[in-house]
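Notes to accompany the following structure.
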Amino acid sequence: MEKITKYLIVSLGLFWLSCSSDNEEIKTIVDDDISVVEVQASFEYTISEEDPYAILLENTTESDSDFSAVWDFGKGGEKVADKAGFEEVRYTETGEYTITLEATNVAGTSTATKTIKVDQRYGVCSTNGCEELPQNGLKEETDTFAVGVITQSYRISEGGNHTQVLKKEFNSLTAEYEMKMNIMYPSPNNYDFSAGDAIVDFAVANDMYVHGHALIWHEASPDWVENFTGSDAEFEKMVEDYITTTMTRYKGKVRSWDVVNEAVDESAGNPLRNSIFRQRMGGDYVKKCFQFARNADPDAILFYNDFNIAASSGKRTAIFDLVDGLGGLVDGLGAQMHISIDYPSTEDIQAVVDATVSRGLKLHFSELDIRTNLENDKNLSSLPTEKAARQKAKFKEVVNIYNAVPSEIKFGVTVWGLRDNESWLVDFFGVPEWPLLFDENYNKKQAYDGFVGGLQ
Ligand code: G3I
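Going by our numbering, 102 is the number at position 101 of the sequence shown; the sequence numbering is gapless.
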């Protein structure tokens, strides 16, 4: 008998039963040939492009009959009724999760399951492993500005992981402390360039830029300069000789210099710090030092470098007033960027960029590190997952802001340390801290992915 005929018979039968006066129980007549097939649950997922710790779930169940479906995201807790469209689910804790979709129709219930793994560095992975991130070094992720890091001469001579990572990831080096006056000019008429030479020679041999840091800094002037016994004129002549000798030595190898570092005070009104240089050379000592530098190496890119330029609008104003007074002697601004996961704001960082761009100066984010342990918790033994995610986001934000500046303004972003345990912040604040891109085992952190993400 034709299927349609049978439908009609059954339908009429059901109609008749529904009209029967004796209200007997309605029996569902299901003809052997008109059976409802049990629904077969199925779903797919994709990893969110914006957030590698989130997945988009799609219910791909197909059925000739009405059915309902509920999710179990594998995180414990209540099942969730399926909604139209995609379900976005975020996993904040590393581990393995089994996701289940349960579909039910008149003929019964079926389930579909998939297992995912959440990795601290990569985010969500299928259980057959995480797709390795591109093995480019940071320096290959951008060709519009230098990606730099600091080093020390003993780490260069030791080689090993330190120099391997330097060569793989970076194309610019800054001496953390060994190209400062107290190291290079330890006593009158006595220069010691040995450490600086080791760093510069390694960089040149590996086709890396060198950023000279820092010719004049009140916190790195040798005792004999602080207690200089000659006249003011002799002091100024000594400073000129030091700048000239140093820059001449590294001419053609050191692309750029922080000529003066941190000359603006933190106190109210942000005056010039009353350093020995100001006391002995006068209020225009900064301009004099830039003139000495310009004379010594006309091809060098000359920076004024300071901190809290984003965090303090008053200091920012004072710094740009100082820079404006240097006229054509200054080529760029070094914003150190010792910041944290919570500050400065995007707007304040952008304000530094805007003030630099409006002057046509090059911009160097010169000492980037991002603090996480703002509570100064002495008991922390590792970087909390939630803090790691916020640090990753902040690195991405900062690099994204930098990456958006006009190409003629771009110079470089230098991170102030390679491994977390080597950071100056650990001693400075005296509490555990993980402010950089690599952990103590030279493993890339989520922060590294944030830096890469800012370059996309
Ligand atoms: O390596 C020597 C060690 O051999 C010696 O026994 C010991 C005692 O004298 O000194 C060690 O060198 C120290 C060096 O850090 C390495 O740890 C120097 O004394 C010490 O002065 C030096 O401090 C550096 C500081 O600037 C002063 O130069 C920090 O590493 C460095 O991170 C810090 O960086 C500054 C920037 O230049 C300017 N912006 C702020 C930033 C943080 O303070």
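Glycine residues also receive a C-beta, built at the ideal position from the N, C-alpha and C atoms.
Top-ranked residue by Cα proximity to residue i, from the options
i	options	result
residue 116	92, 453, 265	92
residue 331	191, 63, 287, 282	287
residue 368	384, 47, 334, 456	334
residue 380	434, 415, 354, 389	434
residue 360	373, 323, 383	323
residue 378	418, 363, 292, 430	430
residue 152	144, 71, 163, 146	163
residue 197	242, 223, 255	255
residue 290	258, 321, 307	258
residue 411	150, 402, 41	402
residue 278	226, 81, 302, 112	226
residue 195	181, 207, 189	181
residue 305	351, 282, 363, 270	363
residue 301	420, 214, 230	214
residue 209	173, 39, 71	173
residue 168	421, 188, 178, 205	205
residue 347	394, 74, 123	394
Collapsed DSSP secondary structure at residue i in the structure displayed
i	result
residue 210	strand
residue 70	strand
residue 359	helix
residue 181	coil
residue 258	strand
residue 167	helix
residue 329	helix
residue 24	Any answer about residue 24 is weak, because its pLDDT of 41 lies below 50 and its placement is not dependable; what the coordinates show is given next. DSSP places residue 24 in coil when its eight states are reduced to three.
residue 197	helix
residue 139	helix
C-alpha gap between residue i and residue j, whole angstroms
i	j	result
residue 120	residue 396	19 Å
residue 139	residue 439	12 Å
residue 185	residue 170	28 Å
residue 387	residue 176	32 Å
residue 221	residue 456	34 Å
residue 280	residue 358	32 Å
residue 48	residue 405	27 Å
residue 339	residue 436	9 Å
residue 371	residue 307	16 Å
residue 156	residue 51	37 Å
residue 268	residue 315	10 Å
residue 216	residue 54	45 Å
residue 90	residue 200	48 Å
residue 191	residue 276	22 Å
residue 86	residue 79	20 Å
residue 376	residue 341	12 Å
residue 447	residue 60	31 Å
residue 81	residue 451	32 Å
residue 400	residue 345	14 Å
residue 465	residue 118	The structure shown does not extend to residue 465, since the chain is modelled only from 2 through 457, so no value can be given for it.
residue 145	residue 408	7 Å
Proximity below 8 Å, CB of residue i to CB of residue j
i	j	result
residue 84	residue 98	no
residue 353	residue 317	yes
residue 285	residue 312	no
residue 104	residue 42	yes
residue 320	residue 260	no
residue 150	residue 373	no
residue 336	residue 310	yes
residue 65	residue 107	no
residue 166	residue 419	yes
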